[in-house]
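Residue numbers (full-length UniProt numbering), protein chains in the order written: chain A, 1 to 344; chain B, 1 to 279. Cβ coordinates follow ideal geometry from the N, Cα and C atoms, glycine included.
Okay, structure coming up:
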């Protein structure tokens, strides 16, 4: 999102309730409600369609007018904006760690927020796959192929990109299983993988550009939905998706921001919004935008699109996001050590 | 008390000074105090571990080094551009004049993306440079290129008006006294524009040090090699380490302030020399 658009959204988000508060000091205005969904970058098209569907659904069942606003940006950046006062009613981010921080840093939501909705509060999932150039000239089939000498791998910087953290953890989890749980083997694997990375873009879309537009690299590690976008919508006949033998279950979480919805009196509609993501209609829209639906019925319908992979979760392998973040990505974590061997 | 301006054009010294303080206070002083306050939540050891980590040191070296190179390149070529714009009439002059300001107006991310696609290994310039063994995109050279781009207007726009003000008779006098064109330039013209050139250099340098948007695309962000200091700040923010982010910001702020102060002193010295030169 452009800084201008972001500022405008921020302004409207902070000014609108103020104006509303002035004109109706007694509150409880149910005629027109505004909801702000603060999300991360690649969900823009998904939420454009979902919001239109939900507005129609809400106005048909409740008869009240509803305006939905969406804001997109890097997951961490969006979380910080909410912490710093962006009045989001709902956040739909790339990783639970960013949502955790709404509790840790600003007390906006309860600690157990992730247990409030089914499936770890993530209505749709994705996984990490590879994108290679048409015909797969380097013969890349699985994670092992990424550490071969001479293979150039494109992935964003895990220090600045939430998506890149999923990529990194997917590689680590695979290597850990392969080595029968030997941590040092996993570390060796990830180290040699990152030795094959020539550029660390600051975000996932940047990496996609590097791979697709600049022609750099033999393989792009990407979210499955981004990979579909690239192969089906951007570069028809230029790229292929390779699904590795094993990968991580990426669970982008959603939650209402309690402090904000209670202040604005929008809790009921915000909760209905999230529930609707789990409905058949919501699941269909998610699947259409290349996210794996949770609903078995919708999943069955789209089964041909999403090849089955052995998936592990972040909780099983890493003990949750907080621990994964601390061990791997925080300062002097494993990722830093990979790049600063001299510093010990 | 402060000395009053000799001629009052704006009404009310008190009012205008008050407004100045308020404006600077709100825009500069309070945000900067906030920055320092946030850093004070760190212990001295934590602060030192953050700002003196090998990765941070490598990033400062790159940021300050590339900024210095970029500002120097702009000092030389910006002067040339200003010279051409002031001294010659040519078709398309208005266009060139407008082009100079473009790096000001362009969103930095757009600049970064454009430069990267030009200089990467299959880009317009990049493919030939790479063939010649020069790697620009995703190297420290690329960082310098991006910083040169965004710094260009500063030197041109500070030197241009000063050049315009130089009287033709000064040059004519030098010529009648037997000076060669080179002597006229180095001993008459250059000293008069040096203070302006220095302030243009300082502005370009300051802008480059804080630049983020255009550089992240072309630098490739490889830790210890092409990672700029502003990226480290973003990295800290991604860990929700606000205090660590401000710690690095403060190091950069203090370093920039010292550098700008030094350039300012140099500039004053050259002004004074200019004024006291025997006429």
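Check residue i in the structure and name its three-state DSSP category.
i, result
"residue 4/A", "Caution is warranted here: a pLDDT of 47 is assigned to residue 4/A, below 50, making its placement in the model unreliable, and the coordinate value is therefore given only provisionally. In this structure, residue 4/A counts as helix in the three-state DSSP scheme."
"residue 20/B", "helix"
"residue 249/A", "strand"
"residue 239/B", "coil"
"residue 40/A", "coil"
"residue 199/A", "coil"
"residue 240/A", "strand"
"residue 111/A", "coil"
"residue 282/B", "Within the shown structure, residues of chain B are numbered from 1 to 279, placing residue 282/B beyond reach of any answer."
"residue 136/B", "coil"
"residue 97/A", "helix"
"residue 196/B", "helix"
"residue 292/A", "strand"
"residue 108/B", "helix"
"residue 55/B", "helix"
"residue 302/A", "coil"
"residue 130/A", "strand"
"residue 166/B", "coil"
"residue 322/A", "helix"
"residue 207/B", "helix"
Could you name the residues of the same chain whose beta carbon sits closer than 8 Å to that of residue i, not counting the 5 residues immediately before and after it, in chain order?
i, result
"residue 111/B", "103, 146, 149, 150, 213 and 214"
"residue 138/A", "132, 145, 151, 218 and 219"
"residue 107/A", "259"
"residue 32/A", "64, 65, 66 and 67"
"residue 109/B", "213, 214 and 217"
"residue 97/B", "85"
"residue 132/B", "none"
"residue 160/B", "82, 85 and 86"
Does residue i get closer than 8 Å to chain B when you measure Cβ to Cβ?
i, result
"residue 339/A", "yes"
"residue 126/A", "no"
"residue 298/A", "no"
"residue 320/A", "no"
"residue 330/A", "yes"
"residue 80/A", "yes"
"residue 343/A", "For residue 343/A, the predicted model reports a pLDDT of 40, less than 50, meaning its position is unreliable; a value from the coordinates is still stated below. Yes, residue 343/A counts as interfacial toward chain B."
"residue 263/A", "no"
"residue 354/A", "The structure shown has nothing for residue 354/A, since chain A only spans 1 to 344."
"residue 85/A", "no"
"residue 62/A", "no"
"residue 105/A", "yes"
"residue 235/A", "no"
"residue 73/A", "no"
Taking 8 Å as the threshold (beta carbon to beta carbon), is residue i in contact with chain A?
i, result
"residue 23/B", "no"
"residue 216/B", "yes"
"residue 237/B", "yes"
"residue 220/B", "yes"
"residue 264/B", "no"
"residue 149/B", "no"
"residue 240/B", "yes"
"residue 116/B", "yes"
"residue 250/B", "no"
"residue 233/B", "no"
"residue 121/B", "yes"
"residue 224/B", "yes"
Within the same chain, show all residues whose beta-carbon is closer than 6 Å to that of residue i, passing over the 5 residues directly before and after it, in chain order.
i, result
"residue 58/B", "224"
"residue 245/B", "233, 236 and 237"
"residue 230/B", "212"
"residue 224/A", "126, 127 and 129"
"residue 299/A", "293"
"residue 328/A", "334 and 335"
"residue 60/B", "229"
Is there a Cβ from chain D that is less than 8 Å from the Cβ of residue i?
i, result
"residue 201/B", "Going by chain labels, chain D is absent from the structure shown, which instead holds the protein chains A and B."
Within its chain, find whatever has a CB closer than 7 Å to the CB of residue i; leave out the 5 residues flanking it on each side and keep chain order.
i, result
"residue 207/A", "154, 155, 156, 201 and 220"
"residue 252/B", "209 and 229"
"residue 186/A", "172, 175, 176 and 179"
"residue 285/A", "46, 49, 50 and 53"
| said: Any C-beta of chain B within less than 8 Å: which residues of the stretch 174–208 of chain A qualify? | reply: Under the 8 Å Cβ criterion, the stretch 174–208 of chain A contributes 198, 199, 200, 201, 202 and 206.
| Segments of 4+ residues assigned as alpha helix (DSSP H) that fall wholly inside the stretch 133–191 of chain A | Those alpha helix (DSSP H) runs which fall completely within the stretch 133–191 of chain A and span 4+ residues are 162–178.
| said: Any C-beta of chain A within less than 7 Å: which residues of the stretch 131–158 of chain B qualify? | reply: Listed by position along the chain: 138.
| query | Just by C-beta distance, which residues in the stretch 209–226 of chain A are closer than 9 Å to chain B? | reply | 209, 210, 213, 214, 215 and 216: these are the residues of the stretch 209–226 of chain A whose beta carbon lies less than 9 Å from some beta carbon of chain B, given in chain order.
| request: Check distances from the C-beta atoms of the stretch 137–165 of chain A to those of chain B and list, in chain order, the residues that come in under 7 Å. | output: Per Cβ criterion, the list reads 157, 159 and 160.
| In chain order, which continuous runs of the alpha helix (DSSP H) of length 4 or greater are located wholly inside the stretch 50–102 of chain B? | Annotation note: the stretch 50–102 of chain B contains the following uninterrupted alpha helix (DSSP H) runs of length 4 or greater, listed N- to C-terminal: 54–87 and 93–100.
| Whole runs of the alpha helix (DSSP H) within the stretch 37–92 of chain A, excluding any shorter than 4 residues | With a minimum length of 4 residues, the continuous alpha helix (DSSP H) runs that stay inside the stretch 37–92 of chain A are 44–62 and 75–83.
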